[in-house]
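S.K.: Take a look at the following structure, please.
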Amino acid sequence: VYNQSNHKNILQHTPTTRVLCECEIYMPNYDNDTKMKKVMDNFNKQTQQRLREYDERLQSKRMQCKEQCDKEIQKIILKDKLDKELTEKFATLHTDIQNDAIPTCICEKSMADIVEKTCLKCTQNLGGIVAPSSGVLLGIAEGALYAWKDAAIIAAKAAAVTEGAAKGLAAGAEVGKDAVILGLNSEFGLSTQAVQKIALVINGTNYKDVSFIYQAVYTTFQRSCFPTAHVSGDVSVRFTAATTDQAFCRTVNALGFARGNVFDPSLLQGSIQKAVKKIVTEATTVASKTGEKATEKLTVAAIQSKTAAVDATYMGYQTPIIASVVAIL
-2 VYNQSNHKNI LQHTPTTRVL CECEIYMPNY DNDTKMKKVM DNFNKQTQQR
48 LREYDERLQS KRMQCKEQCD KEIQKIILKD KLDKELTEKF ATLHTDIQND
98 AIPTCICEKS MADIVEKTCL KCTQNLGGIV APSSGVLLGI AEGALYAWKD
148 AAIIAAKAAA VTEGAAKGLA AGAEVGKDAV ILGLNSEFGL STQAVQKIAL
198 VINGTNYKDV SFIYQAVYTT FQRSCFPTAH VSGDVSVRFT AATTDQAFCR
248 TVNALGFARG NVFDPSLLQG SIQKAVKKIV TEATTVASKT GEKATEKLTV
298 AAIQSKTAAV DATYMGYQTP IIASVVAIL
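In the numbering used here, the protein residues as written are -2 to 326.
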């Protein structure tokens, strides 16, 4: 009895779980939602479309890069091939030239005719290194022709600059000479015919020489005008000069009178020299500006003319050379 009263019974706990719905607990909340399924489908479609577009762009970029790389590689290979070919040809030709093995070709016709008809036998002496074809010599001539064109253009431009400067200087000098003659006409009353008559021959060299022009004017005044001595109180001065020299003599003689109507020879010389210097300065300025403009214009025209001549000469030989380059490749 004692054992039965102290015996402990272990009872199993029975959980009491209450479920509100009889559905799968872990099923997604929106699987049966039509609107949400539509939104998710639309999102998936847009995502896939964008991924496809990105992949297409990536493929296009890769293709462009591959094509560009292939072109660059081809250029490098072609350049190396041409350099190697030309180096070998020049080395072989140099050896044959030293041995006088290559006959001299007389250039009476076009380059293509010479190579095809006359100089074709030149390649027979290359020791089997180069096949006997016109492409060899024409390929070598192509490089030489490029170098000739560059050098010819540089020389043509230099000659054009020199030619333009010379013509511009001559044009400026002509304008300066005319300006001096006009200045003598207005300052001293000398006409162009009178300037030539008194042997004051103005040209493109002496029109800037103040001393020369001054001496010629003063000598002409002494020889042609011969002013008489001044009489006190007499404001008029009589001259023993020819009728054609009256205007010149009056103008120059007036430069020698100081205040009080006193004639001063030294004042006359200084006044003439000052007037001549002014005329020459103005004429030199005009000549300089005219020369600069003419030089610029004539230089541009000369460069265009001479470079056009070089290009025309170059184009006459380019067609057979292009064919030879293709033959080398």
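All C-beta atoms, glycine included, are put in the ideal place defined by N, C-alpha and C.
How many angstroms separate the CA atom of methionine 37 from the CA atom of glutamate 53?
M.R.: So the alpha carbons of these two residues sit roughly 24 Å apart.
S.K.: Look at the Cβ atom of glycine 169, then the Cβ atom of alanine 284, and state whether they are nearer than 7 Å.
M.R.: Contact: yes.
S.K.: Measure the Cβ-Cβ separation of tyrosine 277 and lysine 205 and say whether it is below 7 Å.
M.R.: The sequence as given places valine at residue 277; tyrosine does not occur at that position. Yes; because the gap between Cβ atoms is below 7 Å, this pair is in contact.
S.K.: When you compare each of Lys154, Val249, Ser208 to serine 183 by their alpha carbons, which one comes out closest?
M.R.: It is Val249 whose Cα lies nearest to the Cα of serine 183.
S.K.: Thinking C-alpha only, which one of Leu264, Asn200, Ala299 is nearest glutamate 176?
M.R.: Looking at the sequence shown, residue 176 is not glutamate but alanine. When each option's Cα is compared against that of alanine 176, the closest is Asn200.
S.K.: Whose C-alpha, out of Gln56, Arg220, Ser263, is nearest the C-alpha of glutamine 243?
M.R.: The shortest C-alpha separation from glutamine 243 is found at Arg220.
S.K.: Could you tell me the alpha carbon to alpha carbon distance between alanine 298 and alanine 157, rounded to whole angstroms?
M.R.: Roughly 8 Å between the two C-alpha positions.
S.K.: For threonine 282, is the classification buried or exposed, using 16 other Cβ atoms within 10 angstroms of its Cβ as the cut-off for buried?
M.R.: With fewer than 16 other Cβ atoms within 10 Å, it is exposed.
S.K.: How would you call glycine 267, buried or exposed, if buried means at least 16 neighbouring beta carbons within 10 angstroms?
M.R.: Its Cβ having fewer than 16 others within 10 Å, glycine 267 is exposed.
S.K.: Just to confirm the assignment, what range does the alpha helix (DSSP H) spanning isoleucine 210 have?
M.R.: Taken as a continuous stretch (DSSP letters only), the alpha helix (DSSP H) holding isoleucine 210 covers 207 to 221.
S.K.: Leaving aside the five residues before and after glutamate 171 along the sequence, list all residues of the same chain whose C-beta is less than 7 Å from its C-beta, in chain order.
M.R.: Counting only Cβ-Cβ distances below 7 Å, and skipping sequence neighbours, we find Gly201.
S.K.: Phenylalanine 245 and glycine 186 - do their beta-carbons sit closer together than 7 Å?
M.R.: Contact flag set, yes.
S.K.: Helix, strand or coil for glycine 186? Go by DSSP, reduced to three states.
M.R.: Coil at glycine 186, not helix or strand.
S.K.: For threonine 202, which three-state DSSP category applies?
M.R.: Three-state result, threonine 202: coil.
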